[in-house]
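Participant: So the protein sequences, as listed, match chains W and R. Just so it is clear: in the first sequence, position 191 is 191 by this note's numbering, and no numbers are missing. All you need for this note's numbering is the position in the second sequence, starting with 1, plus 570. We put the CB at the ideal spot given by N, CA and C, even for glycine. All of these numbers come straight from a predicted model, not from anything done at the bench.
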Amino acid sequence: MVEPIISFKDFGFQYDSQSEPTLKHINLDIFPGEKVLLAGPSGSGKSTLGRCINGLIPQSYPGEITGSATVAGHDIKDSSIFELSFSVGTVLQDPDSQFVGLSVKEDIAFSLENDERSQTEMRAATKKWAERLDLKPLLDHSPQGISGGQKQRVAMAGVLIDESNILLFDEPLASLDPASGKASIELIDHLARQQNLTVVIIEHRLEDVLQRPIDRLVVLKDGEIVGNDKPSAILKDSLMQQLGLREPLYLSALQLAGVKLADCDNIDSVETVAGDNIESALQRWTAGVSLQEPLLPTEPLLTLNNLNFSYNRNQPIIHGLNLTINRGDMLSLVGRNGTGKSTLSNLITGFLKLDGGEMKLNGQDLTQLSVKERADHIGYILQDPNQMISKAMIFDEVAAGLRLRGLTDDEVERRVNDTLKVCGLYEFRHWPISALSFGQKKRVTIAAILVLNPEMIILDEPTAGQDLRHYTEMMNFLETLNREHQVTIMLITHDMHLMLEYTQRAVVLADGGVLMDARPADVLTNEAVIEKAALAKTSLFTLAERYHLPSALDFVAKFVQTEREVRRHE
Amino acid sequence: MNSQLLIGYTARDTFLNRLSGSTKLIGFVALSIIGMVTYDTRFLLGVLLISLILFHFSKIKYHEVAFVLQVIVAFAILNLVMVYVFAPSYGITIYGTHHMILGSPDHYFNLSWEQLFYEFNLLLKYIFAVPLALIFLMTTNPSEFAASLNKIGVSYRISYSVAIALRYIPDVQNDYRTISLAQQARGYEISRKAKLMTRAKGAVQIIMPLILSSLDRIEIISQAMELRRFGHNKKRTWYMAQPFKRNDYLALIIIVLIVLIGIALFKVNGGRFWNPFK
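(1) Ignoring anything shorter than 4 residues or poking outside the stretch 14 to 54 of chain W, list the alpha helix (DSSP H) runs there in chain order.
(2) With 7 Å as the limit, tell me which residues of the stretch 367 to 389 of chain W have their beta carbon closer than that to any beta carbon of chain R; keep them in chain order.
(3) Is the beta carbon of alanine 506 of chain W sitting closer than 8 Å to the one on glycine 335 of chain W?
(4) Step through the CB atoms of chain W and report whether any lies within less than 8 Å of the CB of tyrosine 809 of chain R.
(5) With 16 other CB atoms within 10 Å as the buried threshold, where does methionine 571 of chain R fall?
(6) Under 8 Å between the Cβ atoms of serine 147 of chain W and glycine 338 of chain W?
(7) Tell me which residues share the same chain as phenylalanine 82 of chain W and place their Cβ nearer than 6 Å to its Cβ, disregarding the 5 neighbours each side in the sequence.
(8) With H, G and I counted as helix, E and B as strand and the rest as coil, what does DSSP make of alanine 534 of chain W?
(9) Starting from tyrosine 609 of chain R, follow its DSSP beta bridges and name the residues at the other end.
(10) Beta-carbon separation of valine 371 of chain W and threonine 349 of chain W under 8 Å?
(11) Mapping DSSP to helix, strand and coil, what is threonine 324 of chain W?
(12) Any chance the stretch 349 to 359 of chain W sits against the stretch 413 to 432 of chain W, with 3 or more Cβ pairs inside 8 Å?
(13) Where isoleucine 378 of chain W and threonine 298 of chain W are concerned, what is the direct C-alpha to C-alpha distance, given to the nearest angstrom?
(14) Compute the beta-carbon to beta-carbon distance between aspartate 215 of chain W and glutamate 461 of chain W, rounded to the nearest angstrom, for a pair I have assumed lies under 8 Å.
(15) With 8 Å as the threshold, decide whether the Cβ of isoleucine 728 of chain R is near any Cβ in chain W.
(16) Can you name the start and end residues of the beta strand (DSSP E) that glycine 63 of chain W belongs to?
(17) So which residues on chain R does arginine 405 of chain W lean against when the C-beta distance must stay under 9 Å?
(18) So the beta strand (DSSP E) alanine 510 of chain W belongs to, where does it begin and stop?
(19) Any idea what DSSP makes of histidine 319 of chain W, helix, strand or coil?
(20) Please determine, among W/Arg374, W/Leu296, W/Arg313, W/Thr303, the residue with the shortest C-alpha to C-alpha distance to alanine 755 of chain R.
(21) Run through the DSSP bridge pairs and tell me what serine 7 of chain W is partnered with.
(22) Leucine 458 of chain W bridges to which residues according to DSSP?
(23) With tyrosine 696 of chain R as the anchor, note down where its alpha helix (DSSP H) starts and where it stops.
(24) What does leucine 102 of chain W touch in chain R if you count any residue whose Cβ is under 7 Å from its own?
(25) Between which residues of its own chain and arginine 205 of chain W is the CB-CB distance below 6 Å, once the five residues before and five after are set aside?
(26) Check whether the stretch 3 to 17 of chain W touches the stretch 395 to 404 of chain W, taking contact to mean three or more Cβ pairs, one atom from each stretch, closer than 8 Å.
(27) What residues match up with glutamine 364 of chain W in a beta bridge as DSSP calls it?
(28) Determine the closest residue to leucine 822 of chain R out of R/Gly597, R/Thr584, R/Ala581, R/Thr580, with distance taken between C-alpha atoms.
(29) Please go through the same chain and pick out, in chain order, the residues whose beta-carbon is closer than 7 Å to the beta-carbon of histidine 668 of chain R, but skip the five residues on each side of it.
(30) Are the beta-carbon atoms of serine 792 of chain R and glycine 591 of chain R separated by less than 8 Å?
(31) Please return the same chain residues whose Cβ sits closer than 6 Å to the Cβ of histidine 569 of chain W, not counting the five positions on each side in sequence.
(32) Quick one: Cα of lysine 136 of chain W to Cα of phenylalanine 706 of chain R, how far?
(33) CA-CA distance, phenylalanine 625 of chain R and leucine 694 of chain R?
(34) Could you give the DSSP three-state label for threonine 667 of chain R: helix, strand or coil?
(35) Between aspartate 115 of chain W and chain R, is any beta-carbon pair separated by less than 8 Å?
(36) Buried or exposed for proline 294 of chain W, please, with buried defined as at least 16 other CB atoms from any protein chain shown within 10 angstroms of its CB.
Structural data, given as structure tokens:
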């Protein structure tokens, strides 16, 4: 019988800094060559379990261990990060921070430098792994000069160079655009087979990881394992929502059409899912739903005309861009990394100066206004709330903008309290910000902008790194703002789910201009645009094609419409 | 995106680039020390000439270093003026003679050839090391810089922290810019339009989030480094280290000779000063 390479027996862990154990009664065996997906909502303990595997627990995060755990023959209680690092290679969530070298080649060779290997050996090994991971032309580049997907490949090369046989990925998809994410998952699968690696992936985006076969899905909730089986077996129980995970869209669609997942085969991939009555059920469902033409706003709020911008003259980032944003729009701005999504928002907010073109807000020339003056109309919320928060208390943080604008204390108090109520933070108003969760902090930053009464807000990746529950809360909140408070919202995002389910309009940027401006369903069923803008095809589209539905586009649109109605009645 | 305010490494094909970083570091440190100690004008002029010739061969363009040079010149002039203001007859004390241009040695303010000569020596000291420093910084790959620090005996943890700083400075600059603009959008005025106090307060609003986000970053980096075995062994090797070649040994010999000449001159002059007034 094969011995497990990672084995947890009635294992528990409690951080010294916490009053409750984070992991309880974990029993888990992972065998050599297995590919395991570790999923669960925030706070479920999945990252903690990862830290137990690479030795950060109990070395860097002291705490109390109960039961036993062995990784590649080492008892984790008394083995160091150093010892385990020969067996376990870890790719951290943020490939940018993991990049410790001044250039790609140095970063790949980093662990060999620490092992005191000779330069000849290092050069040979670096060359080998750069070739395998397609990094050869980038060897001399600095981390600032390469994309997120490339950084992640560098991180992989940097741990594979150790020839360790366990690879641990901590949320590998979190900071990549959809196409790079897909490529990343394919690469992991390819390497795992080629090198016969044991792979553990920590990720809550099930559908994206399941694009390639996974041997086992382990679901954690509240520090305990609540599911440990082949992915198809767990998906069949259709408990994803209760477990706090997002169910793959094609499975939601099948259930909506009345298909029982238990009667289907191979349900872990949209490419293989099969069942006797799927085709007829989908046909029936799509015929039975009539598409309503949504009422889209038409009164122009912000008009951008022939915008031009470049950091250096030879490479324009924005080139002849035209776009009109209407009052009341909820739109998503999507496109490949580096196509100028952030640049465009920086131009709108005045953080960057236009090289040429016209920007008008309600007919008023925006280019004549300062950053501060523009902020009275258009608020910009950064991806990382820690970059925006400058006060210790919630009330003060939200009040800061008003106080600087010289309002009276009564007026400030009234407006801050109103805004906190809208944002669901009123009960916390006297709390220190440090006591809040990531999602709540994000809300505070939104409140600090909303209090200035902007007509429009721009959010950069509002749901990045949040699990299903927090994602849903945030998006429902933004939807309410948009519908009930008439705030125009522009979201910059890589999340295709978000774009499809929550926005009515998608603007795709490519080559310095707008490539497509249409309903999200139109965008995600247009293969040419998907390819060009590094987006990912929705599984609904694949499902519709595989089962010969009359119009894949209509099917996707109908699904989104139905989901929205359901959401509104909840 | 950013204008070239500070100096940085660029790959150039010169013999100075091909020298090992350690050689250049040793050369820079050794010549600076001997130059700082000695007041022998002939020696200082000689070293200045050598460093100017090297600077010419390094193919560094004037406009690349113009800003830094202007700052240095401004400071050097200020310094010389201050030396005169605080000790106008120090030259007379040193050289023991007085050849007056203006005034007499009994007054506090006077001008003697001795003082001018002393200050000329100071000027030479300020300027001879500048081309050497620029050559060292601009022809040494930053990664090799860390390796060469380690090679001359600095612990590798400290050496690597230099490399890490160079790696993350651009990222922190970006963070700073983003945070600063986000705070300005909320109404903190930090431009020249605002009063000094307001600007100072505005700056604090940027520093706090910057520190918090940098601390997060540091935690992740140190974990990433530890997971790849940094800090466990007593030594480490460097991918970018350049082994000593023939030219390095040649350069080191020349450096040693120059230093020896400097020391020999102490004997000849009977001290640190060369006195042409006797």
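Facilitator: In short:
(1) Listed in chain order, they are 46 to 54.
(2) Within the stretch 367 to 389 of chain W, Val371, Lys372, Ala375, Tyr380, Leu382, Asp384, Asn386, Gln387, Met388, Ile389 place their CB atoms closer than 7 Å to a CB of chain R, listed in sequence order.
(3) Their beta carbons are not under 8 Å apart, which means alanine 506 of chain W does not touch glycine 335 of chain W by this criterion.
(4) Using beta-carbon distances, tyrosine 809 of chain R counts as an interface residue toward chain W, with a partner under 8 Å.
(5) Summary for methionine 571 of chain R: the model assigns pLDDT 32, below 50, so the residue's position carries little reliability, and this model does not support an answer.
(6) It is a contact, given that the beta carbons lie within the stated cut-off.
(7) So no residue of the chain qualifies.
(8) Here DSSP, grouped into helix, strand and coil, assigns alanine 534 of chain W to coil.
(9) Tyrosine 609 of chain R is bridged to R/Phe843.
(10) It is a contact, given that the beta carbons lie within the stated cut-off.
(11) Looking at threonine 324 of chain W - three-state DSSP - the assignment turns out to be strand.
(12) Taking 8 Å as the limit for Cβ pairs, the verdict is that the stretch 413 to 432 of chain W does not touch the stretch 349 to 359 of chain W.
(13) Isoleucine 378 of chain W and threonine 298 of chain W: Cα-Cα distance of roughly 19 Å.
(14) Actually they are not in contact, since the Cβ atoms of aspartate 215 of chain W and glutamate 461 of chain W sit about 31 Å apart, beyond 8 Å.
(15) Nearest CB-CB separation between isoleucine 728 of chain R and chain W: not below the 8 Å threshold.
(16) For glycine 63 of chain W, the uninterrupted beta strand (DSSP E) run begins and ends at 63 to 71, by DSSP.
(17) At a C-beta separation below 9 Å, arginine 405 of chain W has these neighbours in chain R: Gly757.
(18) Here the beta strand (DSSP E) through alanine 510 of chain W covers 505 to 510.
(19) It is a strand residue.
(20) Comparing C-alpha distances from alanine 755 of chain R to each of W/Arg374, W/Leu296, W/Arg313, W/Thr303 shows the shortest one belongs to W/Arg374.
(21) In DSSP, serine 7 of chain W forms a bridge with W/Asp29, W/Thr70.
(22) Per the sequence presented here, residue 458 of chain W reads as isoleucine, with leucine not at that position. Within the DSSP secondary-structure output, isoleucine 458 of chain W pairs in a beta bridge with W/Tyr380, W/Met490.
(23) Per DSSP, tyrosine 696 of chain R belongs to the alpha helix (DSSP H) from 683 to 709.
(24) Within chain R, the residues near leucine 102 of chain W are Pro712, Ser713, Ala733, Leu736, Arg737.
(25) Only Leu173 meet the Cβ criterion.
(26) No, the stretch 3 to 17 of chain W is not in contact with the stretch 395 to 404 of chain W.
(27) Its beta-bridge partners are W/Leu361.
(28) That would be R/Gly597, whose Cα lies nearest to the Cα of leucine 822 of chain R.
(29) Same-chain partners within the cutoff: Ile662, Pro675, Ser682, Glu684.
(30) No, the pair does not count as a contact, with Cβ atoms beyond the cut-off.
(31) Excluding residues within five positions, none has a Cβ falling inside 6 Å.
(32) If I take the Cα positions, the gap works out to 29 Å.
(33) Straight-line Cα distance between these residues: approximately 16 Å.
(34) DSSP places threonine 667 of chain R outside both helix and strand once states are collapsed to three, so it counts as coil.
(35) With 8 Å as the cut-off, aspartate 115 of chain W counts as an interface residue toward chain R.
(36) With fewer than 16 Cβ atoms within 10 Å of its Cβ, proline 294 of chain W is classed as exposed.
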